[in-house]
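In the working numbering, the protein residues as written are 3 to 596.
C-beta: ideal position from N, C-alpha, C; glycine also.
Computed from a predicted structure; not experimentally measured.
In structure tokens, the structure reads:
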């Protein structure tokens, strides 16, 4: 809920220091300033990993009375004990701050996204806002690891209940949960895992949501089925434990092969587009392994998700989860999510838009307020990401190619970061201690953050202009915008197209601020504002020069989305992927990161 930007400090000028001396000083890298004290900021309470969950049989199991009366007693469902694995995943009471839950009620949520369909493995979004997380389960689990000390953050088990390494570290045998079922009662087994791997991840014509590729799990990695509940990974590296994190949300969450396989072009006469679109939003009761099943959809109105009667997780009293009966996702806007949560017509909001912070605090201070605010650590940040590919990814024209060459120039990158007045950008969103200077890298709220090893270039417009000149960019026609060198892009003004998500007010506000600040530097930045799905497709295909985007989990939890920390494969990085040739033209610092 905390928001802080990739924005720089407008430091107070020291009296008696000449402008040239000040500029020389400001151009040197330093460490970021300490964030302002925020008394309401929450703290993480760390726990031992073995206090979170385990797999075991319990003497008895329970479910909501309405499920028993309406479905079990009428013969529509078997008893709950027969719908669960022999050893379900058990969440431990010690890690439940409010103790064992009670059954009933509906949670009302508001989202700004719209579902494309239910085919997650073929790249369709379900509208975000937590819908895909509620539907999906993955081989491993990383979500609770923010509670575990950084020294002990191997992923937790999930669909894979355990795993073993070979003595040489090149093979990993995974043991899947036995007896778990999809929400339609069909068994979950290794066939589902292998369909996701062979026919969605490895198939070059399919692009799963969240960007899983074979290289996400290591170049040259293979996966094979041993038996119905055992699969074996083979890696070129020895003991590459980092790939266990990629087997969690959202890059190894298999779908129901008994439903998907008949629609796949390998097993039918369908085209790949027909396969992708075979399960539109109107297709109800799509089998899931997650806690919630989609049961109703009305365009631009609502998605209703009901508890999965075959969900394979319980609490220590044997109560089958989830406790809630339904989730209602009202299809509106992301800004409206905050408004409705504060007003009491919605039950939850991440409150990620800082423009709403002050009004929300004032409303929450009212003794009759329907909602309470709980501030977490400083984990939300924004980055300006540059397209680093110079060998054809996204098929750039002459201007676009010239911009990519500039993006690969260290002096140019330093000039851009020094020309960003980060404090001004933060203050333009909301004043007060809510925002803080963020130079990039790990978020300051994570246990991995080390302020003293974080490099930060302070705001220094004149120093930035000098670096642009060093990079060969000068205003040769006197219009205030620097030009490409003669012979490059016709010597025209340097014009950069920046991709931004139109669905979020904060993204647009920050992008507009960057446009204004870059104009002072002498760079013309033009916004390409698209909605979420169009924006994602444009980014993933490399059709951008720059983009503004909120940080993903690799810079907050670190143990999620780890393949984004470096371009480890030809198709893993969201801002530096390979063209059709399959070759990534890595710069020296990228090779070091890999």
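Can you tell me which residues form a DSSP beta bridge with residue i?
{"i": "residue 476", "result": "485"}
{"i": "residue 167", "result": "174"}
{"i": "residue 330", "result": "110, 306"}
{"i": "residue 530", "result": "501"}
{"i": "residue 549", "result": "387, 501"}
{"i": "residue 67", "result": "The partner list for residue 67 (beta bridge, DSSP) is empty, contrary to what the question assumes."}
{"i": "residue 157", "result": "Paired residues: none, contrary to the question."}
{"i": "residue 92", "result": "56, 316"}
Which value, in whole angstroms, describes the spacing of the CA atoms of residue i and residue j?
{"i": "residue 79", "j": "residue 316", "result": "18 Å"}
{"i": "residue 63", "j": "residue 177", "result": "24 Å"}
{"i": "residue 265", "j": "residue 564", "result": "32 Å"}
{"i": "residue 252", "j": "residue 474", "result": "42 Å"}
{"i": "residue 214", "j": "residue 123", "result": "9 Å"}
{"i": "residue 1", "j": "residue 96", "result": "The requested residue 1 is not part of the displayed model; the chain covers only 3 to 596."}
{"i": "residue 243", "j": "residue 204", "result": "21 Å"}
{"i": "residue 345", "j": "residue 412", "result": "48 Å"}
{"i": "residue 218", "j": "residue 454", "result": "31 Å"}
{"i": "residue 581", "j": "residue 395", "result": "4 Å"}
{"i": "residue 576", "j": "residue 212", "result": "10 Å"}
{"i": "residue 197", "j": "residue 259", "result": "6 Å"}
{"i": "residue 54", "j": "residue 142", "result": "14 Å"}
{"i": "residue 506", "j": "residue 354", "result": "9 Å"}
{"i": "residue 530", "j": "residue 57", "result": "49 Å"}
{"i": "residue 297", "j": "residue 65", "result": "19 Å"}
{"i": "residue 27", "j": "residue 470", "result": "At residue 27, the pLDDT of 39 sits below 50, so the modelled position is not reliable; the number obtained from the coordinates is stated separately. Looking at the two C-alpha atoms, the distance is approximately 18 Å."}
{"i": "residue 397", "j": "residue 537", "result": "17 Å"}
{"i": "residue 426", "j": "residue 589", "result": "32 Å"}
{"i": "residue 318", "j": "residue 59", "result": "10 Å"}
{"i": "residue 485", "j": "residue 409", "result": "15 Å"}
{"i": "residue 207", "j": "residue 570", "result": "21 Å"}
{"i": "residue 343", "j": "residue 168", "result": "50 Å"}
{"i": "residue 352", "j": "residue 479", "result": "48 Å"}
{"i": "residue 543", "j": "residue 572", "result": "13 Å"}
{"i": "residue 534", "j": "residue 387", "result": "17 Å"}
{"i": "residue 23", "j": "residue 29", "result": "Note that residue 23 scores a pLDDT of 30, beneath 50, so its modelled location is shaky; the value from the coordinates is reported in the next line. Going by the C-alpha atoms only, they are around 10 Å apart."}
With distances taken Cα to Cα, identify the nearest neighbour of residue i among the options.
{"i": "residue 134", "options": "521, 256, 368, 81", "result": "256"}
{"i": "residue 466", "options": "443, 524, 518", "result": "524"}
{"i": "residue 262", "options": "455, 274, 447, 514", "result": "274"}
{"i": "residue 216", "options": "385, 199, 358", "result": "199"}
{"i": "residue 162", "options": "587, 192, 340, 541", "result": "192"}
{"i": "residue 496", "options": "320, 547, 293", "result": "547"}
{"i": "residue 106", "options": "383, 301, 323, 100", "result": "323"}
{"i": "residue 379", "options": "137, 558, 357, 573", "result": "558"}
{"i": "residue 187", "options": "207, 493, 81, 365", "result": "81"}
{"i": "residue 407", "options": "482, 509, 587", "result": "587"}
{"i": "residue 358", "options": "299, 388, 432, 403", "result": "432"}
{"i": "residue 37", "options": "513, 441, 555, 544", "result": "441"}
Report the three-state DSSP secondary structure of residue i (helix, strand or coil).
{"i": "residue 309", "result": "strand"}
{"i": "residue 294", "result": "strand"}
{"i": "residue 299", "result": "strand"}
{"i": "residue 420", "result": "helix"}
{"i": "residue 415", "result": "helix"}
{"i": "residue 32", "result": "strand"}
{"i": "residue 82", "result": "helix"}
{"i": "residue 314", "result": "coil"}
{"i": "residue 405", "result": "helix"}
{"i": "residue 273", "result": "coil"}
{"i": "residue 225", "result": "strand"}
{"i": "residue 322", "result": "strand"}
{"i": "residue 360", "result": "helix"}
{"i": "residue 232", "result": "strand"}
{"i": "residue 586", "result": "coil"}
{"i": "residue 134", "result": "helix"}
{"i": "residue 375", "result": "coil"}
{"i": "residue 462", "result": "coil"}
Less than 8 Å separating the beta-carbons of residue i and residue j?
{"i": "residue 520", "j": "residue 528", "result": "no"}
{"i": "residue 390", "j": "residue 423", "result": "no"}
{"i": "residue 309", "j": "residue 326", "result": "yes"}
{"i": "residue 140", "j": "residue 293", "result": "no"}
{"i": "residue 86", "j": "residue 314", "result": "yes"}
{"i": "residue 329", "j": "residue 111", "result": "yes"}
{"i": "residue 150", "j": "residue 49", "result": "yes"}
{"i": "residue 428", "j": "residue 279", "result": "no"}
{"i": "residue 108", "j": "residue 117", "result": "no"}
{"i": "residue 174", "j": "residue 184", "result": "no"}
{"i": "residue 491", "j": "residue 592", "result": "no"}
Kindly examine the ligand HEM and report whether one of its heavy atoms sits closer than 7 Å to the Cβ of residue i.
{"i": "residue 88", "result": "In the structure on display, the ligand HEM does not appear, and there are no ligands present to speak of."}
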